[in-house]
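Quick notes on the structure that follows.
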Amino acid sequence: MTANSRVGIVIVSHSAEVARGTVDMVRQMVGHEVPVAASGGNPAGGLGTDVASIIAAIKKVWSPKGVAILVDLGGAETNSEMAIEMLPEAWRGKVVICNAPIVEGAVMAATEAAGGGTLEQVRATAEELAP
Amino acid sequence: MKLDTETKDRLIAAMAQAIASHAGELTDLDRAIGDGDHGSNMKRGFDAVLADRANLASKPLPDMLKALGTHLVMTIGGASGPLYGTLFMALGKDIPAEPSLADAARAFAAAVNAVKARGKATTGEKTMLEVLQPVVDVLQASVSNPAGLGDRVKAAADAGLESTKPMKASKGRASFLGERSIGHLDPGARSSQLLAHAVIGVLAAQPALEGGRLS
Chain B
65 MTANSRVGIV IVSHSAEVAR GTVDMVRQMV GHEVPVAASG GNPAGGLGTD
115 VASIIAAIKK VWSPKGVAIL VDLGGAETNS EMAIEMLPEA WRGKVVICNA
165 PIVEGAVMAA TEAAGGGTLE QVRATAEELA P
Chain V
1446 MKLDTETKDR LIAAMAQAIA SHAGELTDLD RAIGDGDHGS NMKRGFDAVL
1496 ADRANLASKP LPDMLKALGT HLVMTIGGAS GPLYGTLFMA LGKDIPAEPS
1546 LADAARAFAA AVNAVKARGK ATTGEKTMLE VLQPVVDVLQ ASVSNPAGLG
1596 DRVKAAADAG LESTKPMKAS KGRASFLGER SIGHLDPGAR SSQLLAHAVI
1646 GVLAAQPALE GGRLS
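These protein sequences, in sequence, are chains B and V.
Just remember that this note's numbering sits 64 ahead of the position in the first sequence, which is counted from 1.
Just remember that this note's numbering sits 1445 ahead of the position in the second sequence, which is counted from 1.
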């Protein structure tokens, strides 16, 4: 199975360090088969989220099977929704935001993706953790 | 009403100035019930708009509004980016290049509905919608009776802002505070009220709006 045959994962946090750290945990616990990208911090480098950076992260891990996004707080979700709407039309239906805790959800989603799960399976697995 | 390039330029400058000169206050309001970045985020967004003002003002009104919204989405970096970005982008999508008051009222109502959808919010939740929705209502009521339109918009925005003080937040970061959000003005409502005043300040000086007529 090539990387392209697995669902991609994007981590969107207000903190660049949290986003990068979450990617590190996924790599350590799940491995390198799943494409994972981090987006954290606002356009000025402070705490916040950045639509352009989220779009870039989605493109980086893009797979025909789709991309699952894990977010932390409100603005991360709203900015991720905005980023999805700004993608090429053919991609939009294949990018979903998981309603799950960011770190645990990312590890669960990546585990499912590593096993070749579909986008819906990846999202469902992450969302089993939702409160 | 046709807005010439100079008027569009003054609209952009007035909105950016209103945000820049109140950035500290917006951040203080946000520090009380949110995460303390509303002023700096909004200022970054409108600074980017201001830097592009000549280009923006040269565009037809719908294109200018869409481009302005895109700047805000790309530079604000908080939840306000998609919310204000959606407001301006949706307004640009629905408004004709030379809108009548009825066109403007209809397009603004559609834009505020788009903000509601984006934020999954409605009125009564202590958000920018407490200001935006009353402005929609005034615009719609003014179509048949436009007398004093500018003053009525400003009064509606002011009353909407004040109404947020006793409200308990149920959306956004302030909702984490629950009861403790009561007694504070909502920062997003304040920025919306500032923008409403800035826009009316420029348009009220237009001959087309004198006597409340926008066409």
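All C-beta atoms in this analysis are idealised placements derived from N, C-alpha and C, irrespective of residue type, glycine included.
- Residues of the stretch 1518 to 1535 of chain V that bring their beta carbon within less than 9 Å of a beta carbon in chain B comprise Val1518, Met1519, Thr1520, Ile1521, Gly1522, Gly1523, Ala1524, Ser1525, Gly1526, Pro1527, Leu1528, Gly1530, Thr1531, in sequence order.
- Those residues of the stretch 1613 to 1625 of chain V placed with their C-beta closer than 8 Å to a C-beta in chain B are Gly1617, Arg1618, ordered along the chain.
- Distance from the Cα of Gln92 of chain B is smallest, within the candidate group B:Ile122, B:Val167, B:Gln185, for B:Val167.
- Proximity of chain B to Arg1563 of chain V at the Cβ level (cut-off 9 Å) is accounted for by Thr142, Glu145, Met146, in chain order.
- Put simply, the backbone Cα of Ala1477 of chain V is about 23 Å away from that of Gly109 of chain B.
- At least one C-beta of chain B is nearer than 9 Å to the C-beta of Ser1485 of chain V.
- In this structure, V:Leu1532 is the residue among V:Asp1482, V:Leu1532, V:Ser1485 with its C-alpha nearest to the C-alpha of Ala1562 of chain V.
- Ranked by how close their Cα comes to the Cα of Val82 of chain B, the residues B:Gln185, B:Gly157, B:Ala140, B:Glu191 have B:Ala140 in first place.
- Legend: CB atoms of the stretch 1624 to 1639 of chain V lying less than 9 Å from CB atoms of chain B are not found in any residue.
- Of all residues in the stretch 99 to 122 of chain B, only Gly105, Asn106, Pro107, Ala108, Gly110, Leu111, Gly112, Thr113, Asp114, Val115, Ala116 place a beta-carbon less than 9 Å from a beta-carbon of chain V.
- At a cut-off of 9 Å between beta-carbon atoms, Gly169 of chain B makes no contact with chain V.
- Looking at the backbone, the Cα of Ser1626 of chain V and that of Leu1474 of chain V are separated by about 11 Å.
- Apart from sequence neighbours up to five positions away, the residues of its chain that approach Ala190 of chain B with a beta-carbon distance below 6 Å are Cys162, Ala164, Gly169, Met172, Ala173, ordered along the chain.
- C-alpha of Ile118 of chain B to C-alpha of Ser144 of chain B: approximately 7 Å in a straight line.
- Under the Cβ criterion (8 Å, minimum of three pairs), the stretch 1600 to 1610 of chain V counts as touching the stretch 1629 to 1640 of chain V.
- Apart from sequence neighbours up to five positions away, the residues of its chain that approach Glu1570 of chain V with a beta-carbon distance below 6 Å are Ser1615, Lys1616, ordered along the chain.
- For Met1460 of chain V, the closest alpha carbon among the candidates V:Pro1591, V:Tyr1529, V:Lys1504 is that of V:Tyr1529.
- With a contact defined as Cβ atoms closer than 8 Å, Thr175 of chain B and Val74 of chain B miss out at about 16 Å.
- When rounded, the separation of the alpha-carbon atoms in Ile1464 of chain V and Ala1643 of chain V is 9 Å.
- About 15 Å separates the beta carbon of Val186 of chain B from that of Ala101 of chain B, a gap too long to meet the 8 Å contact definition.
- Where Ala1502 of chain V is concerned, the enclosing alpha helix (DSSP H) starts and stops at 1498 to 1503.
- Burial state of Asn1500 of chain V is exposed, judged by a 10 Å Cβ sphere holding fewer than 16 other Cβ atoms.
- Assignment of Ser77 of chain B by DSSP, reduced to helix, strand and coil, places it in the strand class.
- Chain V places a beta carbon closer than 9 Å to that of Leu137 of chain B, counting this residue as a contact.
- Among the CB atoms of chain B, none fall inside 9 Å of the CB of Arg1476 of chain V.
- Judged by DSSP secondary structure, Ser1545 of chain V falls outside any alpha helix (DSSP H); it is assigned neither H nor E.
- Pairing Leu1495 of chain V with Met1534 of chain V gives a Cβ-Cβ distance that is not under 9 Å.
- In the structure shown, Leu1640 of chain V falls within a helical segment according to DSSP collapsed to helix, strand and coil.
- The C-beta of Met150 of chain B comes closer than 9 Å to at least one C-beta of chain V.
- Look at Ser127 of chain B here: in three-state DSSP terms it is coil, with no helix or strand label.
- Where Val1588 of chain V is concerned, there is no enclosing beta strand (DSSP E), because DSSP gives it neither an H nor an E.
- Every alpha helix (DSSP H) stretch that sits fully inside the stretch 1509 to 1540 of chain V and reaches 4 residues is listed by chain position as 1525 to 1539.
- When the alpha-carbon of Ala1502 of chain V is set against those of V:Ala1602, V:Glu1624, V:Leu1456, the nearest one is in V:Leu1456.
- Sorting V:Thr1568, V:Ala1592, V:Leu1536 by C-alpha distance to the C-alpha of Gly1605 of chain V places V:Thr1568 at the top.
- Following the DSSP letters along the chain, one finds Val167 of chain B inside the alpha helix (DSSP H) bounded by residues 166 to 178.
- Taking a C-beta distance under 9 Å as the contact criterion, Pro107 of chain B and Met1446 of chain V do not qualify as a contact pair.
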